[in-house]
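The structure appears below as structure tokens.
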Amino acid sequence: MSLQILAVDDSRTIRDMLKMALTQAGFETSLAEDGMHGLEVLDGMAPDAIITDINMPRMDGFGFIEAVRAQDKHRATPILVLTTESAPELKARARAAGATGWIVKPFDPEKLVRALRTVAGPGGA
Amino acid sequence: MSDPMAEIRASFFIECEELLEALQDGLAAMDGGDTDAETINICFRAVHSMKGGAGAFGLESLVRFAHRYETVMDEIRAGRLAPDRDAMMLFFRAADVLSDIVRTSRDGEHIDEAEVESVLGQLEALAGGAPEEEEEEVADFQPMGLAIDLDGTPELPADAPWTIRFAPHAELFRSGNEPQHLLRALAALGEAQIVCRQDDLPPLDEIEPEAPYLAWEITLDTDKGEEEIREIFDFVDGICTLEVSGGPSGPALPPLPDLSDLPGTIDDGEAPVVPQAEAPVPDGTARRITLSEPAGDTSGDGPGTPLPSAGGEAPEPAGPPAAPPTRSAASADPAGGSGAGGGAGNGEARQSQAAAQTKPTVRVDLERIDRLVNLVGELVINQAMLSQSVQEAGIPSNSPVSQGLEEFMQLTRDIQDSVMMIRAQPVKSLFQRMSRIVREASAAVDKRVRLKTEGEATEVDKTVIERLADPLTHMIRNAVDHGLESGEKRRAAGKSEEGVVTLTAAHRSGRVVIEVADDGGGINRPRVRQIAEEKGLIPEGLSMTDSEIDNLLFMPGFSTASQISDLSGRGVGMDVVRSSIQELGGRITIASEPGVGTTFSISLPLTLAVLDGMVVRAGGETLVVPLGAIVETLSLADEEIRSIGPGRNVLHIRDTFVPLLDLAVELDYRGPLESYDGSVVLLIQQEDGARAALVVDSIEEQRQVVIKGLQDSYGHVPGIAAATILGDGQIALILDPVDLMSNVAGRSRGAVPSLDLAG
């Protein structure tokens, strides 16, 4: 069984790239366009890990992470923040919101996958 | 779908266009006084998303510019900077530059570095200069790298094992991290002995279920440096206790073979960490020995392999048996490594799926759509012929055949509308380009100009939009350069110093009307007239109406030389503008009022393919008059006609007089009639409200016709817009009533002959 990943980003380009990288790594990938959409998509799945952007319309990444963490079943679901902003305070804020880790855009597919495995395990390999 | 990266790249540039549009919208809203936080957020996100995507494709200049731009926007977003007028102007300019960078990046062209640098400098100045932030950013773009100070030299192969002590804090679990995965990742770096420290574990009845009590001690033999080791703990930095010691700088023990521990170590990576880690190593002291054992066959997976003393020997045994199992045994990321390796390379079916799923639109070759449009045109003709045959066969209109045909007609129309809709696009993109022209033009002539746009959502045929760009650009430049007065003059005239150019689009009676209006001083008619006379375009002392003088601007060879400037004096005159509009089946008119301003109106057909027309007969010929031009039809009584000169009649209708034109005479089909009593008349109205009454023999019917251009074969024929094929297969000319009117107006007065030329 491969890892199921939910990836949330408002940029179509980034979504395309995430999908490509994750699919190539053999992950099952679901996509969402912003925090709100992310929550809707999350409703119908139980991902092994979530990747989210920070700057998004409607509900940003911080709001999204908080909303996910507020759900009991997702208290420990690994969440990676995907952002171009890597300022330490942003990381601190992401962690305060409950993020597990972060990936700096532009991401290296290999490192993304490695980071996912670091937080979500090998996925029943 | 050949190369997924190329696909994504192409889609990235499309996304950029959308983002640039959103940015423009947001900036325009802000400029208009919108202080909503979400508006600046939208702008910020647009720039930010471009930066994010650009980074993925290594578009350095785009990343750099977007980053600086975004930084300033962030200042505004945070309320540390006020979006005053200068800032807004700079934002607009930056948006222009950004759009240039996007375009040049896409097409692999070179950009005007000077402009980029200049705007970058200004943005930096606006942000109050945060150079040190920029430095940091550069480092940030090394993907994933988190620089941590190291004492050891990281890249050197390690002869000695690392000792890592790791104790998670409660926060580590709350953030969704899992020690097991971390340890597994660590084990994948080389050969690890993992010991679980349970010293802090309280008696069972005192255990708090969610409190962390366990710690781990790992001895890792790897050729990786401390940096790599710490990188694994990057996410949990600060929420665990982590000590890394040993390594190359530590005591290097000679590699001793200790095969007995081999199986245990291999397992390590794979099974749950805690139990088996305990098994082989009861205590910390044992570690050293196990650990330094030959990396040779344990970890054939690269990291640790080559060091052992064995030299020539080691690869031999390691190769065959170890290679396949270790791949999976080395655990943590077998698929990660291989999958990611392929990540940059070519993809397979999966990617094409991925790309297809996320795309809500279809890109279609324009040629295919044109073909469809043509086919639908043929269908309309065919349907008309069929209707006619049915009628001629004497089939009653309530018969199933006729009713079916009626539905067929409706369907044909729907198809036609739908096809047209595919080609229709809002004029917004065109208008946005114009706002840039205004900014550049106003900067060039040093005038303060604001562009107001209305009706951006108005949809127009794609071809029309594309071909409007040049004439519109020229008109906008003219408006800024010649239309608007200088700041001093405006002040003297009691106007606001800032000139306003208004760009409007609207659907009006089946046509699209686009207006370029300025609130300048209006056309200087004596001057225009003088120029025309000097150039010999008109005889001196000719009596001309204001509108005729205005129309002199459209004459070939009329160039207001004395006003030539860098900007609009580029050898393209309004006559060229006019002919490009005419090529689109459009017309351009001028309205100007001294001291108030000038308005150029372009009226265009909605589509270049079909037309609602009235089929009429004149002088024995069948003609089609565009329905949009006809205000009403009436039948003449002799007493309504007034003669105002030889061959010139006017129609008295509802207290106004309208020039009366005999269509057959105007087109030279026959001479004038003795009496027009009882004749059928079409009342035609121009966009500017000027009217004319057109005498025809009879009105046949009203129907949709497919336009077949004549331009290619005959060039511009005065008074004729195009031709069509009627239901009976007969060819009929489509009249351009307004063109006809202006020609007549010119001809009958013998004045402005050049207007004919221009037409």
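Read top to bottom, the protein sequences are chains A and B.
Here the working numbering is used: the first residue of the first sequence is 84, the next is one more, and so on.
Here the working numbering is used: the first residue of the second sequence is -18, the next is one more, and so on.
Even for Gly, the Cβ is constructed at its ideal location relative to N, Cα and C.
1. Going by the beta-carbon positions, is the gap between B/Leu641 and B/Leu632 smaller than 7 Å?
2. Under 7 Å, Cβ to Cβ, is there at least one residue of chain A near B/Ala151?
3. Hey, A/Pro140 and A/Asp117 are a contact pair by Cβ (cut 8 Å); roughly how many whole angstroms apart?
4. Between B/Lys428, B/Met415 and B/Asp351, which lies nearest to B/Glu437 when the distance is taken from Cα to Cα?
5. Using a Cβ cut-off of 9 Å, which residues of the stretch 176 to 198 of chain B contact any Cβ in chain A, in chain order?
6. What residue range does the alpha helix (DSSP H) around B/Phe72 cover?
7. What is the rounded straight-line gap between the Cα of B/Met456 and the Cα of B/Glu56?
8. Would you mind reading off the limits of the beta strand (DSSP E) that contains B/Phe147?
9. Between B/Asn379 and B/Val445, what straight-line distance do the alpha-carbon atoms span, to the nearest angstrom?
10. Any beta carbon of chain A sitting closer than 7 Å to that of B/Phe(-11)?
11. So, at 6 Å on beta carbons, what are the nonlocal neighbours of A/Leu86 in its own chain, with the 5 sequence-adjacent residues on each side left out?
12. Indicate whether at least one CB of chain A lies closer than 7 Å to the CB of B/Asp173.
13. Just checking: is the beta-carbon of A/Thr201 within a distance shorter than 7 Å of some beta-carbon in chain B?
14. Cutting at 8 Å between CB atoms, please list the residues of its own chain near B/Val612, excluding the five before and the five after it.
15. Helix, strand or coil, according to DSSP, for B/Ser383 in the structure here?
16. Check B/Lys689 in the structure and name its three-state DSSP category.
17. Who are the Cβ neighbours of A/Arg95 in its own chain at under 8 Å, not counting the five residues just before and after it?
18. Got a sec: which bits of the stretch 177 to 194 of chain A sit with their beta carbon under 8 Å from any beta carbon on chain B, in order along the chain?
19. Any C-beta of chain B sitting closer than 7 Å to the C-beta of A/Arg141?
20. Anything in chain A within Cβ reach of B/Phe154, meaning under 8 Å, just list it in chain order.
21. If you follow the beta strand (DSSP E) that B/Asp565 is part of, which residue opens it and which one closes it?
22. Just how far apart, CA to CA, sit B/Pro586 and B/Gly567?
23. With 16 as the cutoff for other CB atoms within 10 Å, does B/Pro520 come out buried or exposed?
24. Which same chain residues end up closer than 7 Å to B/Pro64 when comparing Cβ atoms and leaving out the 5 residues on each side of it in sequence?
25. Could you give the distance in angstroms between the alpha-carbon of A/Ile137 and the alpha-carbon of A/Arg178?
26. Kindly list the residues whose CB is nearer than 7 Å to the CB of A/Leu165, restricted to its own chain and excluding five residues on each side of it in sequence; keep chain order.
27. Between B/Arg420 and B/Phe72, which are expected to be in contact by the criterion C-beta below 8 Å, what is the C-beta distance as a whole number of angstroms?
28. Step through the CB atoms of chain A and report whether any lies within less than 7 Å of the CB of B/Ala166.
29. Cβ of B/Glu198 within 7 Å of Cβ of B/Arg178?
30. Between B/Ile680 and B/Thr580, what straight-line distance do the alpha-carbon atoms span, to the nearest angstrom?
31. Using the rule of at least 16 other Cβ atoms within 10 Å of the residue's Cβ for burial, across every protein chain shown, is B/Ile625 buried or exposed?
32. B/Leu484 and B/Val509 look like a contact to me (Cβ under 8 Å); what is the Cβ gap, rounded to whole Å?
33. Considering only residues of the stretch 9 to 65 of chain B, which uninterrupted alpha helix (DSSP H) runs meet the minimum length of 4 residues and lie entirely inside it, listed in chain order?
34. Sort out for me which residues DSSP pairs B/Lys433 with in a bridge.
35. Anything in chain A within Cβ reach of B/Ala37, meaning under 8 Å, just list it in chain order.
36. So which residues on chain B does A/Asp229 lean against when the C-beta distance must stay under 8 Å?
Reading off the structure:
1. Position 660 of the second sequence, counted from the start, is the residue given in the question as residue 641 of chain B. Position 651 of the second sequence, counted from the start, is the residue given in the question as residue 632 of chain B. Taking 7 Å as the Cβ cut-off, B/Leu641 and B/Leu632 qualify as a contacting pair.
2. Position 170 of the second sequence, counting from 1, holds the residue named residue 151 of chain B. Not an interface residue.
3. As a position in the first sequence, residue 140 of chain A is number 57, starting the count at 1. As a position in the first sequence, residue 117 of chain A is number 34, starting the count at 1. Confirmed, Cβ separation roughly 5 Å.
4. Walking along the second sequence from the start, residue 437 of chain B turns up at place 456. When each option's Cα is compared against that of B/Glu437, the closest is B/Met415.
5. none
6. Taking the second sequence and counting its residues from 1, one reaches residue 72 of chain B at position 91. Start and end: Arg66 to Asp88.
7. For the purposes of this step, residue 456 of chain B is identified with residue 475 of the second sequence, where counting begins at 1. For the purposes of this step, residue 56 of chain B is identified with residue 75 of the second sequence, where counting begins at 1. Straight-line Cα distance between these residues: approximately 37 Å.
8. Counting from one through the second sequence, the residue named residue 147 of chain B turns up at place 166. Trp143 to Pro149 is the span of the beta strand (DSSP E), which, as asked, contains B/Phe147.
9. Counting from one through the second sequence, the residue named residue 379 of chain B turns up at place 398. Counting from one through the second sequence, the residue named residue 445 of chain B turns up at place 464. If I take the Cα positions, the gap works out to 42 Å.
10. For the purposes of this step, residue -11 of chain B is taken as the residue at position 8 of the second sequence. For the record, residue -11 of chain B in the displayed sequence is Ile; it is not Phe. With 7 Å as the cut-off, B/Ile(-11) counts as an interface residue toward chain A.
11. The residue you call residue 86 of chain A lines up with position 3 of the first sequence. So the qualifying residues of the chain are Phe110, Asp131, Ala203 and Gly206.
12. In the second sequence, the residue the question calls residue 173 of chain B occupies position 192. Residue identity check: residue 173 of chain B is Ala in the sequence provided, not Asp. False, the Cβ-Cβ gap to chain A never drops below 7 Å.
13. Within the first sequence, the letter at position 118 stands for residue 201 of chain A. Cβ-Cβ to chain B under 7 Å: yes for A/Thr201.
14. Numbered from 1 along the second sequence, position 631 holds the residue referred to as residue 612 of chain B. Correct list, in chain order: Leu664, Ile665, Gln666 and Arg672.
15. Position 402 of the second sequence, counted from the start, is the residue given in the question as residue 383 of chain B. Helix at B/Ser383.
16. The sequence position of residue 689 of chain B within the second sequence is 708, counting from 1. Three-state DSSP puts B/Lys689 in a strand.
17. Counting from one through the first sequence, the residue named residue 95 of chain A turns up at place 12. Cβ within range, chain order: n/a, list empty.
18. Arg178, Gly181, Ala182, Thr183, Gly184, Trp185, Ile186, Val187, Lys188, Pro189, Phe190, Asp191, Pro192, Glu193 and Lys194
19. Walking along the first sequence from the start, residue 141 of chain A turns up at place 58. False, the Cβ-Cβ gap to chain B never drops below 7 Å.
20. On the second sequence, residue 154 of chain B is found 173 positions in, with the first residue counted as 1. The contacting residues are Ala159.
21. Residue 565 of chain B sits at position 584 when you count from the first residue of the second sequence. In the sequence on display, residue 565 of chain B carries Leu and not Asp. Per DSSP, B/Leu565 belongs to no beta strand (DSSP E) and is neither H nor E.
22. What you label residue 586 of chain B is simply residue 605 of the second sequence in a count that begins at 1. What you label residue 567 of chain B is simply residue 586 of the second sequence in a count that begins at 1. Roughly 6 Å between the two C-alpha positions.
23. Sequence index remark: in the second sequence, residue 520 of chain B carries index 539 (1-based). Under this definition B/Pro520 is an exposed residue.
24. By one-based count along the second sequence, residue 64 of chain B stands at place 83. Around B/Pro64: Met11 and Ile57.
25. Within the first sequence, numbered from 1, the residue matching residue 137 of chain A stands at position 54. Within the first sequence, numbered from 1, the residue matching residue 178 of chain A stands at position 95. Cα-Cα distance, rounded: 12 Å.
26. The residue labelled residue 165 of chain A in the question sits at position 82 within the first sequence. Hits under 7 Å: Asp92, Ile134, Thr135, Asp136, Ile186, Lys188 and Phe190.
27. For the purposes of this step, residue 420 of chain B is identified with residue 439 of the second sequence, where counting begins at 1. For the purposes of this step, residue 72 of chain B is identified with residue 91 of the second sequence, where counting begins at 1. That pair is no contact at about 11 Å.
28. Translated into the one-based positions of the second sequence, residue 166 of chain B becomes position 185. For B/Ala166, the answer is yes, since a Cβ of chain A falls inside 7 Å of its Cβ.
29. As a first step, residue 198 of chain B must be located in the second sequence, where it is residue number 217. As a first step, residue 178 of chain B must be located in the second sequence, where it is residue number 197. A contact, by the Cβ cut-off of 7 Å.
30. The residue labelled residue 680 of chain B in the question sits at position 699 within the second sequence. The residue labelled residue 580 of chain B in the question sits at position 599 within the second sequence. Approximately 36 Å between the Cα atoms of the pair.
31. For the purposes of this step, residue 625 of chain B is taken as the residue at position 644 of the second sequence. The residue in question, B/Ile625, is exposed, as its Cβ has fewer than 16 Cβ neighbours within 10 Å.
32. In the second sequence, the residue the question calls residue 484 of chain B occupies position 503. In the second sequence, the residue the question calls residue 509 of chain B occupies position 528. Going by Cβ atoms, the distance from B/Leu484 to B/Val509 rounds to 24 Å, so no, they are not a contact pair.
33. 18 to 37 and 41 to 58
34. Locating residue 433 of chain B in the second sequence gives position 452, where the first residue counts as 1. In the DSSP output, where bridge partners are listed per residue, B/Lys433 has B/Thr483.
35. Indexing the second sequence from 1 puts residue 37 of chain B at position 56. Going along chain A in sequence order, the residues near B/Ala37 (Cβ under 8 Å) are Thr96, Ile97, Met100, Lys188, Pro189 and Phe190.
36. The structure shown has nothing for residue 229 of chain A, since chain A only spans 84 to 208.
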